[in-house]
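Visitor: Before we start, here is the structure in question, set down as structure tokens.
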């Protein structure tokens, strides 16, 4: 089945690290993604990881993939108020030869002073 | 230059009306999508077109009719609008066989049905 699950809320203090977790169902997903949505805006790709990797680092962002447990996480180091947004985890799923993205419900990250 | 642009950004209408949302992408992509985001921010795929051909149709009521006049445009027409159609509709595009399968999203069209 198609199901991507995330916790709905996370609150952190400015300067701390944030960790957003996600579980997915399709073990054949080639790519897994993290998208960010700011209020009133569309989704922007933050980072993605190929399924044969278990970690990817990009400046303040670290993605960890545990393929056995179908678990994906996004760590944001030194979280800033500008990081407040909704973060969506997504898995790629091939349907009829074409790729579609299945999204989780989004984790709302609130950063407070 | 906006990569994926949707119009209108806001749409308020009465139940029973028919309305359209337009989408255009200037990225040279060959695949376009419509996603619906409900009030709880849950994002669900509705349709996908590749080179003007429908490739994904996710159990959407037939009141929703997408149309792709060319690979840079994907419009969404909705007949007999219902209260439950109120949502933000996102258009997106991608390139088949691209490096990461990334989708590029428009800014969304917020539809409110009264």
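Chains as they are written, first to last, in our numbering: chain H, 1 to 113; chain B, 1001 to 1114.
We treat Cβ as the ideally placed atom computed from N, Cα and C, and that holds for glycine.
Here the structure is a predicted model, which is why all the values come from computation and not from measurement.
Could you check the C-alpha separation between residue 12 (chain H) and residue 87 (chain H) for me, to the nearest Å?
Guide: Taking the straight line joining both Cα atoms gives about 14 Å.
Visitor: From B:1108, B:1095, B:1021 and B:1105, pick the residue whose C-alpha is nearest to that of residue 1050 (chain B); which is it?
Guide: Nearest of B:1108, B:1095, B:1021 and B:1105 to residue 1050 (chain B), Cα basis: B:1095.
Visitor: Taking Cβ positions, are residue 1005 (chain B) and residue 1076 (chain B) nearer each other than 9 Å?
Guide: Not closer than 9 Å, so no.
Visitor: Say whether chain B places a C-beta atom closer than 9 Å to the C-beta of residue 99 (chain H).
Guide: So yes, residue 99 (chain H) belongs to the interface.
Visitor: List the DSSP bridge partners of residue 1095 (chain B).
Guide: DSSP output for residue 1095 (chain B) lists no bridge partner at all.
Visitor: Who are the Cβ neighbours of residue 64 (chain H) in its own chain at under 6 Å, not counting the five residues just before and after it?
Guide: Excluding positions up to five away in sequence, the list reads 55 and 73.
Visitor: Since residue 31 (chain H) and residue 1101 (chain B) are thought to touch, with beta carbons under 8 Å apart, how far apart are those beta carbons, to the nearest angstrom?
Guide: Yes, they are in contact, since the Cβ atoms of residue 31 (chain H) and residue 1101 (chain B) sit about 5 Å apart, within 8 Å.
Visitor: Mind pulling the chain B residues with CB within less than 9 Å of residue 86 (chain H)?
Guide: Per Cβ cutoff of 9 Å: 1041.
Visitor: Whole beta strand (DSSP E) runs in the stretch 1049-1114 of chain B with 3 or more residues, listed along the chain?
Guide: Listed in chain order, they are 1053-1057, 1064-1070, 1073-1078, 1087-1094 and 1109-1113.
Visitor: State whether the stretch 1081-1090 of chain B contacts the stretch 1011-1020 of chain B, with contact taken as three or more CB pairs (one from each stretch) at a distance under 8 Å.
Guide: These segments touch.
Visitor: DSSP state of residue 58 (chain H), grouped into three classes?
Guide: It is a strand residue.
Visitor: Between which two residues does the beta strand (DSSP E) harbouring residue 6 (chain H) extend?
Guide: Note, residue 6 (chain H): beta strand (DSSP E), 4-6.
Visitor: Taking only three categories from DSSP, how would you classify residue 81 (chain H)?
Guide: Helix at residue 81 (chain H).
Visitor: When you compare only the Cα positions, how much space is there between residue 1068 (chain B) and residue 1043 (chain B)?
Guide: Roughly 22 Å separates the two Cα atoms.
Visitor: Within 10 Å of its beta-carbon, does residue 8 (chain H) have 16 or more other beta-carbons around it, so buried, or fewer, so exposed?
Guide: Exposed: under 16 other Cβ atoms inside 10 Å.
Visitor: Which residues in chain B have a C-beta closer than 9 Å to the C-beta of residue 11 (chain H)? List them in chain order.
Guide: Per Cβ cutoff of 9 Å: no residues; residue 11 (chain H) is ~17 Å from chain B at best.
Visitor: Taking only beta-carbon positions, decide if residue 62 (chain H) is within less than 9 Å of chain B.
Guide: Not closer than 9 Å to any Cβ of chain B, the Cβ of residue 62 (chain H) fails to qualify, so no.
Visitor: Are the C-beta atoms of residue 48 (chain H) and some chain B residue less than 9 Å apart?
Guide: By this cut-off, residue 48 (chain H) is an interface position.
Visitor: Starting from the C-beta of residue 24 (chain H), find all residues in its chain whose C-beta is less than 6 Å away, skip the five residues before and the five after it, and write them out in chain order.
Guide: If we look at residue 24 (chain H) and ignore the five residues flanking it on each side, its Cβ neighbours are 4, 70 and 91.
Visitor: Whose CA, out of H:100, H:98 and H:113, lies closest to the CA of residue 84 (chain H)?
Guide: Taking only the C-alpha atoms, the option nearest residue 84 (chain H) is H:113.
Visitor: Could you check which residue in H:77, H:58 and H:53 has the C-alpha nearest to that of residue 68 (chain H)?
Guide: For residue 68 (chain H), the nearest C-alpha among the options comes from H:53.
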